[in-house]
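Encoded as structure tokens, the structure appears first; notes follow it.
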Amino acid sequence: MVPVQWYVWLGLALFMVGVFGFLTRRSIIMMFLSIEIMLNAVNLLFVAFAHFLNDLRGHMMVIFIITVAAAEAAMGLAILVSVVRNRLSAHVDEIKQMKG
Amino acid sequence: MNPIVFGYLAAAILLLSLLAVTNKNPVHAILLVIVMFFHMAVMYIGLGAEFLAAVQVIVYAGAILVLFLFVVFVLNIREETGGERFSSVWPFGLSIATGLLLLAVILSGKVRLGAMGPYTPQVIAAETHTKILGRVLYTDYILPFEISSLILLVAVVGAITLAGREDR
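Chains as they are written, first to last, in this note's numbering: chain A, 194 to 293; chain B, 1078 to 1245.
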């Protein structure tokens, strides 16, 4: 049997990969992909704890997280499409029209 | 779960996600993340969550990441133009992620499991995971369920408003 600690470490490492990607990538689409990786790390921790605690609340949280992640991806990508269509850039450090 | 299976899945998940966040080509990165999500679905099956594994494959890999692929396709971002794929402040991002990881690993030694719930693997296996999840979802979690339907409605309306063409 695998102890719960291993799942915690895997979830933490995966979350930090997502943090790294979100903070360092220039492309907005890669930043959204990093957010999805972070959400998956949290989902893994919820499922692991639900399994080791004999409880279903973690599974419920995962269902709602996936729902909200779908809404977030749709909204974020719509904003990206609208930004690129208005002749701005798909890179975060080139979008500085509001800089004073 | 067998430790060898866990080791393979963990190594594959970490390697695929690291390759994805450092990849130059967004299409390759999205495909790597899709493969990572399939490994995650196998992990869910190992944890006794078959319905969530199916949702992971259908909704995450099948809908959300295909939406990503469609946006890359629509915007025609084949390669990241402008050469540099990391922003100029990447050492800060790397040090923040490493520091948070160290802090979290130190604190993860303090993890204690709380009180056990009533849903042992035997109970779930006797009544099947999907059925038991549906019963809990439509009784105890009916209000969050309704709210999530509203969130999806707002996302649909908002996405059409933001991305739709003005001249039509």
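All C-beta atoms, glycine included, are put in the ideal place defined by N, C-alpha and C.
Please read all numbers here as calculations on a predicted model, not as lab measurements.
If you look at A/MET268, you'll find it in the alpha helix (DSSP H) that goes 250-278. The straight-line gap separating the alpha-carbon atoms of B/GLY1125 and B/HIS1206 is approximately 8 Å.
With respect to B/ALA1240, A/LEU205 sits apart: the two C-beta atoms are not nearer than 9 Å. The Cβ atoms of B/ALA1138 and A/MET268 do not sit closer than 9 Å to each other. Leaving aside the five residues that flank A/PHE215 on each side, the residues in its chain whose CB is nearer than 8 Å to its CB run, in chain order, MET224, SER227, ILE228, MET231. Counting C-beta atoms within 10 angstroms of its own C-beta, A/GLN290 has fewer than 16 neighbours from the protein chains shown and is therefore classed as exposed. Going by DSSP, B/GLY1084 is part of the alpha helix (DSSP H) stretching over 1080-1098.
Residue environment: B/GLN1133 is assigned as buried (16 or more neighbouring CB atoms within 10 Å of its CB, all protein chains considered).
Cβ contact annotation for B/LEU1093 (same chain, cutoff 6 Å, sequence separation greater than five): LEU1109, VAL1112, MET1113, in chain order. B/ILE1122 does not reach chain A, its nearest Cβ partner there being about 10 Å away, counting only Cβ pairs nearer than 9 Å. By the 16-neighbour rule on beta-carbons within 10 angstroms, B/HIS1105 is exposed.
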